[in-house]
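Chemist: Sequential numbering from 1 applies to the sequence shown in the UniProt record's numbering.
Beta carbons: idealized from backbone N, C-alpha and C, even for Gly.
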Amino acid sequence: MRAALVKYSGRRLNNHEAVWFDTPFSRTLEDYYNTGDICVYDSTLRVVDYSEGLSLNIDEPVTEEGVRRVKERCDFILLRGSNYIHEAMDWGHFPAWVEALDLPVLCIGVGAQAETERPIALPPEGRRLWQMIAERTQIGVRGAFSAETLHRNGIHNLEIVGCPSIFRARDRDMTLRHAPGGPRRVTFSLRREVGSTYAVDPAAFIATQKRIIAKLDLSSDLYLSCHGEPEEKAFFFRSPRHMERATAKLVAENWFDEVTGARLKALYESRLYYVGAPGDYDVYAPQFDAALGYRVHAVLPAVATGVPGVLFSYDTRSRELAETFDLPIYSPAEFERQTLADALAPARFARFQQLFPERYDRMKSFIERNGVQTRM
Numbered sequence: 001m002r003a004a005l006v007k008y009s010g011r012r013l014n015n016h017e018a019v020w021f022d023t024p025f026s027r028t029l030e031d032y033y034n035t036g037d038i039c040v041y042d043s044t045l046r047v048v049d050y051s052e053g054l055s056l057n058i059d060e061p062v063t064e065e066g067v068r069r070v071k072e073r074c075d076f077i078l079l080r081g082s083n084y085i086h087e088a089m090d091w092g093h094f095p096a097w098v099e100a101l102d103l104p105v106l107c108i109g110v111g112a113q114a115e116t117e118r119p120i121a122l123p124p125e126g127r128r129l130w131q132m133i134a135e136r137t138q139i140g141v142r143g144a145f146s147a148e149t150l151h152r153n154g155i156h157n158l159e160i161v162g163c164p165s166i167f168r169a170r171d172r173d174m175t176l177r178h179a180p181g182g183p184r185r186v187t188f189s190l191r192r193e194v195g196s197t198y199a200v201d202p203a204a205f206i207a208t209q210k211r212i213i214a215k216l217d218l219s220s221d222l223y224l225s226c227h228g229e230p231e232e233k234a235f236f237f238r239s240p241r242h243m244e245r246a247t248a249k250l251v252a253e254n255w256f257d258e259v260t261g262a263r264l265k266a267l268y269e270s271r272l273y274y275v276g277a278p279g280d281y282d283v284y285a286p287q288f289d290a291a292l293g294y295r296v297h298a299v300l301p302a303v304a305t306g307v308p309g310v311l312f313s314y315d316t317r318s319r320e321l322a323e324t325f326d327l328p329i330y331s332p333a334e335f336e337r338q339t340l341a342d343a344l345a346p347a348r349f350a351r352f353q354q355l356f357p358e359r360y361d362r363m364k365s366f367i368e369r370n371g372v373q374t375r376m
């Protein structure tokens, strides 16, 4: 099977690994890009088996030559999972490409995005696209909220499969490793980049995150991971001028505040890891007893390697994935009322562990039922 790759995030090293685009180091250091998108793309490539991949740029209009080239070289369209199901999604020329190519469209882990679980009325173009995909292939959504949103908009040929990032290790028998006496060495994923579509109150989101980091620093051997923000990358790469600018900005934005700022800055200077490529995180994450924080695609890939992971309830995506996989999820207030050992007690992962093989099989079966081989 040969794939036309749509919404690709980064460049492929081979058919089953992806990293960020080949850009000058200055752009890597100074620009923001979301490494979660790369993780989903890389994870999708790892679980899907295909012989050849052709990048399809849906920002370019359909041409006869383009259609001929894709149909000669591709058997299906592979759409990377992401938060596509919302009112403001711009699909470019993708609906026209789907119509012109008339190929099956495999999408696994697509989801609805909103600050709360509210009804989402898709614009006509969005409804038309999902309807066309559903006429050709079953849609793999990440959870119940996404399924309900598509149902409400008249699209019904779908199945809840979760996210490929939790299956990226392709280990059906994956067993979580629980540290005796509770976790000691912990990695916490930062998220300063947040808007109204991710959190009802972005200012409270930031303040709460800093408070949790400060408490974890007192109760554990804490390390931080960053996932795209340039200020954090300045500290990771130890670029003096960039660090000076980053410090000034973080002070001005009250991230480095008078209460926790000094300790947070010290963590940035000595215990901050930048996730530049998904494969790098596969090496980083297994060194810890637990992974938690505000980046879904730091927690799920860690769980894929056997590290117990906890999600924070701050948007529909985190809640939906926790529900789909039966992973522990806490509001910040709930988390702060517990000890770290209680929050990550093995019993809280019992249902996740019990059902993991079944959910692994469901993802594998979904892909194969839609005409594509897997590496699972």
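1. Which first and last residues belong to the alpha helix (DSSP H) in which Thr-208 is found?
2. Could you tell me which residues DSSP pairs with Phe-356 in its beta bridges?
3. I want to know whether the region 61 to 80 touches the region 93 to 109 - three or more CB-CB distances under 8 Å.
4. With DSSP run on the structure shown, which of helix, strand or coil describes Cys-163?
5. What are the residues that DSSP puts in a beta bridge with Thr-187?
6. Span of the alpha helix (DSSP H) holding Arg-2?
7. What number of angstroms, rounded off, separates the C-alpha of Pro-61 from the C-alpha of Phe-94?
8. Alpha carbon to alpha carbon, how far is Val-161 from Phe-366? Give it in angstroms, no decimals.
9. Going by DSSP, which residues form a beta bridge with Asp-107?
10. Quick check: the Cα distance between Thr-175 and Asn-15, rounded to an integer number of angstroms?
11. Return helix, strand or coil for Ile-139, following the three-state DSSP convention.
12. Can you check whether the CB of Ala-291 is closer than 9 Å to the CB of residue 410?
13. Using only alpha-carbon positions, find the residue among Pro-104, Arg-73, Glu-336 that is nearest to Ile-139.
14. Rounded to whole angstroms, what is the Cα-Cα separation between Ala-112 and Lys-364?
15. Return the chain-ordered ranges of every alpha helix (DSSP H) run that is complete within the region 231 to 311 and spans a minimum of 4 residues.
16. Suppose you measure from the CA of Phe-335 to the CA of Ala-343; what does that come to, to the nearest Å?
17. Would you mind working out which of Glu-30, Lys-7, Tyr-33, His-151 sits nearest Asp-90, comparing C-alpha positions?
18. Below 8 Å on the Cβ atoms is my guess for Glu-225 versus Tyr-273; work out the distance and round it to an integer in Å.
19. Anyone know if the C-beta pair for Ser-51 and Met-1 falls short of 9 Å?
20. Would you list the residues sitting across from Val-194 in a DSSP beta bridge?
21. How long is the line joining the alpha carbons of Ile-58 and Arg-80, rounded to whole angstroms?
22. By Cβ distance below 7 Å, which residues in the same chain neighbour residue 385 in space, the five residues on each side in sequence not counted?
23. Helix or strand or just coil, what does DSSP make of Thr-330?
24. Considering only the beta carbon of each residue, do Tyr-32 and Glu-193 sit closer than 9 Å?
25. My understanding is that Asp-49 touches Thr-324, with C-beta atoms under 8 Å, so please give their C-beta distance in whole angstroms.
26. If Ala-214 and Asp-289 are in contact, beta carbons under 8 Å, what's the gap, nearest whole angstrom?
27. With distances taken Cα to Cα, identify the nearest neighbour of Ser-220 among Glu-231, Phe-235, Leu-250, Gly-182.
28. Secondary structure at Arg-46, three-state DSSP: helix, strand or coil?
29. Whole angstroms are fine: how far does the CA of Glu-269 sit from the CA of Phe-237?
30. Quick check on Thr-374: does DSSP put it in helix, strand or coil?
31. Within its chain, find whatever has a CB closer than 7 Å to the CB of Arg-152; leave out the 5 residues flanking it on each side and keep chain order.
32. Do Ala-4 and Leu-78 have their CB atoms nearer than 9 Å?
33. Over the uninterrupted beta strand (DSSP E) stretch that includes Val-19, give me the two end residues.
Modeler: Reading off the structure:
1. For the purposes of this step, residue 208 is taken as the residue at position 208 of the sequence shown. Element bounds for Thr-208: 202 to 219.
2. The count along the sequence shown starts at 1 and reaches residue 356 at position 356. Paired residue(s): none; Phe-356 is not in a bridge.
3. Short answer: they touch.
4. The residue you call residue 163 lines up with position 163 of the sequence shown. In the displayed model, Cys-163 falls within coil according to three-state DSSP, outside both helix and strand.
5. Start at 1 with the first residue of the sequence shown, and residue 187 comes out as number 187. Partner(s): Tyr-223, Ala-291.
6. Numbered from its first residue, the sequence shown carries residue 2 at position 2. Following the DSSP letters along the chain, one finds Arg-2 in no alpha helix (DSSP H) but inside the beta strand (DSSP E) bounded by residues 2 to 6.
7. Position 61 of the sequence shown, counting from 1, holds the residue named residue 61. Position 94 of the sequence shown, counting from 1, holds the residue named residue 94. Going by the C-alpha atoms only, they are around 9 Å apart.
8. As a working note, residue 366 is residue 366 in the sequence shown. As a working note, residue 161 is residue 161 in the sequence shown. Phe-366 and Val-161: Cα-Cα distance of roughly 8 Å.
9. Here residue 107 refers to the residue found at position 107 when the sequence shown is read from its first residue. Sequence check: residue 107 is Cys here, not Asp. Paired residues: Leu-79.
10. Within the sequence shown, numbered from 1, the residue matching residue 175 stands at position 175. Within the sequence shown, numbered from 1, the residue matching residue 15 stands at position 15. So the two alpha carbons sit approximately 27 Å from each other.
11. One-based indexing of the sequence shown puts residue 139 at position 139. Reduced to three states, the DSSP call for Ile-139 is strand.
12. Limits of the chain in this structure are 1 at one end and 376 at the other, which puts residue 410 out of reach.
13. Taking the first residue of the sequence shown as position 1, residue 139 is located at position 139. Looking from the CA of Ile-139, the closest CA among Pro-104, Arg-73, Glu-336 belongs to Pro-104.
14. The residue you call residue 112 lines up with position 112 of the sequence shown. The residue you call residue 364 lines up with position 364 of the sequence shown. Going by the C-alpha atoms only, they are around 22 Å apart.
15. Counting only runs of 4+ residues, the alpha helix (DSSP H) found wholly inside the region 231 to 311 occupies 240 to 252, 261 to 270, 278 to 284, 296 to 304, in chain order.
16. Here residue 335 refers to the residue found at position 335 of the sequence shown. Here residue 343 refers to the residue found at position 343 of the sequence shown. Cα-Cα distance, rounded: 7 Å.
17. Numbered from 1 along the sequence shown, position 90 holds the residue referred to as residue 90. Answer by Cα proximity: Lys-7.
18. Position 225 of the sequence shown, counting from 1, holds the residue named residue 225. Position 273 of the sequence shown, counting from 1, holds the residue named residue 273. It is Ser, not Glu, that sits at residue 225 in the sequence shown. Correct: roughly 5 Å between the Cβ atoms.
19. What you label residue 51 is simply residue 51 of the sequence shown in a count that begins at 1. What you label residue 1 is simply residue 1 of the sequence shown in a count that begins at 1. Taking 9 Å as the Cβ cut-off, Ser-51 and Met-1 qualify as a contacting pair.
20. Position 194 of the sequence shown holds residue 194. DSSP, once it has assigned bridges, lists no residue as partnering Val-194.
21. Position 58 of the sequence shown, counted from the start, is the residue given in the question as residue 58. Position 80 of the sequence shown, counted from the start, is the residue given in the question as residue 80. One C-alpha to the other measures close to 13 Å.
22. Outside the displayed span of the chain (1 to 376) sits residue 385, for which this structure offers no information.
23. As a position in the sequence shown, residue 330 is number 330, starting the count at 1. Correcting the residue type first, residue 330 is Tyr in the shown sequence and not Thr. The answer is strand: DSSP assigns Tyr-330 an E or B state.
24. Taking the sequence shown and counting its residues from 1, the one referred to as residue 32 is at position 32. Taking the sequence shown and counting its residues from 1, the one referred to as residue 193 is at position 193. For Tyr-32 and Glu-193, yes; Cβs fall inside 9 Å.
25. Along the sequence shown, read from residue 1 onward, the residue named residue 49 stands at position 49. Along the sequence shown, read from residue 1 onward, the residue named residue 324 stands at position 324. Contact between Asp-49 and Thr-324 does not hold, since their C-beta atoms are separated by about 24 Å, which reaches or exceeds 8 Å.
26. To locate residue 214, count along the sequence shown from 1; it is residue 214. To locate residue 289, count along the sequence shown from 1; it is residue 289. Not a contact, Cβ separation roughly 19 Å.
27. As a working mapping, residue 220 is identified with position 220 in the sequence shown. When each option's Cα is compared against that of Ser-220, the closest is Gly-182.
28. Taking the sequence shown and counting its residues from 1, the one referred to as residue 46 is at position 46. Helix, per DSSP.
29. One-based indexing of the sequence shown puts residue 237 at position 237. One-based indexing of the sequence shown puts residue 269 at position 269. Rounded to whole angstroms, the separation of the alpha carbons of Glu-269 and Phe-237 is 10 Å.
30. By one-based count along the sequence shown, residue 374 stands at place 374. Thr-374: strand per DSSP, three-state reduction.
31. Residue 152 sits at position 152 when you count from the first residue of the sequence shown. Taking C-beta separations shorter than 7 Å and ignoring five residues to either side along the sequence, the partners of Arg-152 in its chain run Pro-119, following chain order.
32. As a position in the sequence shown, residue 4 is number 4, starting the count at 1. As a position in the sequence shown, residue 78 is number 78, starting the count at 1. Yes, the Cβ-Cβ distance between Ala-4 and Leu-78 is below 9 Å.
33. For the purposes of this step, residue 19 is taken as residue 19 along the sequence shown, with counting starting at 1. The continuous beta strand (DSSP E) containing Val-19 extends over residues 17 to 19.
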